[in-house]
Structure formats: C-alpha cells, structure tokens
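Residue numbers (full-length UniProt numbering): 1 to 227.
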C-alpha cells in the first residue's frame with residue numbers, strides 16, 4: 001500500500017476538521033472559549049503556524065471568533081448554520097417569518113403525532129412559564145419562555161435536521177423583532193399545546209397559522225407606524 005507524504009496543508013485541514021468536529025458535536029458549545037494555543041499545539045502535535053492557520057480558517061468560516069486579549073470563542077455550531085444566518089440577514093423580516101411559519105407548521109403536525117410522555121411534560125412546563133410571565137407583564141421572561149416552548153415542540157417532532165433549521169431561523173426572527181418591537185404583546189399558545197396533547201395534527205397546524213398571522217399583522221402595523 002502506497003502512502004502519500006503528509007503535507008503542511010493536509011495537516012491544517014486535519015486540525016480544522018478535528019476542531020470543527022468538536023464544535024459541531026457540541027463538545028465545544030457556542031460561547032465556549034477554546035483552550036490556549038500552547039495546550040492545543042501539544043495535544044494535536046502540530047506547530048503553532050499550523051494551528052494558527054486552522055484557527056483562521058474556522059474564524060473565516062464563521063465557527064470561531066477571536067477577541068484580542070480575551071481568547072477565541074465558538075460563535076456557531078455548524079457551517080450550514082453560518083451560511084443560513086448570512087442569508088437570513090439579507091432577507092426582510094416578513095420573508096423570514098414565512099420560513100419560520102413553514103417550519104413551525106410542520107413541526108406542530110409531527111409533534112402531535114410523534115410526541116412522547118416526556119415531550120408533553122416539557123411542553124406543558126414551558127407553556128406554564130409563558131403564561132406566568134405574561135400575567136405579570138414580564139416581556140423578557142416571556143420571550144425566553146416562548147423560545148423554550150417552541151424548542152420543546154420542535155424537539156417533540158423528533159427530526160434533528162428540522163430542529164437545526166428551526167434554531168437558526170427562529171433566532172434570526174427573535175433578534176429582528178427585539179430590535180423592532182418595544183411594546184410586544186404576548187400571543188397565547190394554549191390552543192397549539194392542547195391540539196398536540198390531543199394528538200390533533202390539523203388542529204395544531206391551524207393554531208400555528210393563527211398565531212403567525214397575528215404576528216405578521218403586528219409586525220406590519222409596526223412597520224407602517226414605527227411610533
């Protein structure tokens with residue numbers, strides 16, 4: 001068997017792939033500060049220049065960000081996610097919301113059919129948090145609880161690719177809305193959750209249609225009258 005000599009470029013690619021795998025697997029989660037250069041050089045058995053080239057490649061791809069004097073941090077868990085986020089930033093909010101509508105409608109249908117007992121407990125817990133924060137007019141707490149509720153519904157659909165896509169789209173919508181709407185009024189999701197519990201997929205989809213339309217109406221009203 002003939003072996004090819006290892007080149008400097010292939011070493012960079014190997015290090016890039018290995019670090020990328022740690023990020024995509026979640027071993028190095030978003031927000032994590034990666035180990036210092038001397039440690040990585042020793043652990044990987046490569047030169048400083050090789051490691052630096054690999055880090056630069058990962059920074060360029062959007063997975064890492066270097067903060068001078070502070071370190072290098074994980075800022076995204078997938079290259080696909082980075083590309084999707086860039087594309088979403090180029091789209092207007094209503095277009096992005098339409099994509100979210102399509103994803104949430106499908107996940108609601110699937111969650112109503114595929115959910116487990118554990119899924120339902122998690123969904124009901126998150127709904128209670130949403131309703132509790134809405135009652136006391138805690139906007140920030142409601143947004144966080146709302147995100148958790150939708151994530152728990154997407155998780156109950158048991159489709160990992162759908163969940164990955166949803167995460168990026170939902171985050172883009174949330175950030176845009178946070179910059180646009182200062183007097184956001186919570187939209188209840190009890191109809192959606194009830195339909196999922198009752199295993200009524202069409203009812204769950206209809207509930208998504210209803211609250212997304214309310215969302216669109218509010219956004220359009222804000223765009224027409226920013227005051």
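Idealized CB from N, CA, C, for every residue including glycine.
Buried or exposed (CB count within 10 angstroms, at least 16 for buried), residue i
i, result
"residue 189", "buried"
"residue 17", "exposed"
"residue 60", "exposed"
"residue 133", "buried"
"residue 170", "buried"
Member of the options whose CA lies at the smallest distance from the CA of residue i
i, options, result
"residue 103", "219, 222 and 208", "208"
"residue 30", "69, 119 and 79", "79"
"residue 122", "137, 66, 145 and 133", "145"
"residue 220", "95, 87 and 67", "95"
"residue 120", "199, 67, 66 and 65", "199"
Straight-line gap, residue i to residue j (C-alpha atoms, nearest Å)
i, j, result
"residue 15", "residue 74", "16 Å"
"residue 46", "residue 19", "13 Å"
"residue 91", "residue 101", "15 Å"
"residue 131", "residue 27", "34 Å"
"residue 194", "residue 205", "12 Å"
"residue 49", "residue 72", "16 Å"
"residue 25", "residue 165", "16 Å"
"residue 36", "residue 10", "22 Å"
"residue 135", "residue 143", "13 Å"
"residue 160", "residue 154", "9 Å"
"residue 163", "residue 69", "35 Å"
"residue 93", "residue 118", "34 Å"
"residue 222", "residue 34", "41 Å"
"residue 97", "residue 87", "14 Å"
"residue 38", "residue 138", "46 Å"
"residue 64", "residue 55", "8 Å"
"residue 67", "residue 218", "38 Å"
"residue 23", "residue 32", "9 Å"
"residue 203", "residue 191", "8 Å"
"residue 210", "residue 89", "25 Å"
Distance CB(residue i)-CB(residue j) smaller than 7 Å
i, j, result
"residue 111", "residue 196", "yes"
"residue 292", "residue 115", "Any answer about residue 292 is impossible in this case: the structure gives the chain only from 1 up to 227."
"residue 12", "residue 43", "no"
"residue 113", "residue 201", "yes"
"residue 40", "residue 51", "yes"
"residue 77", "residue 62", "no"
"residue 168", "residue 84", "yes"
Hey, is the stretch 144 to 160 in contact with the stretch 95 to 115, meaning 3+ C-beta pairs nearer than 8 Å?
-> yes
Is there contact between the stretch 206 to 215 and the stretch 127 to 145, where contact requires at least three CB pairs shorter than 8 Å?
-> no
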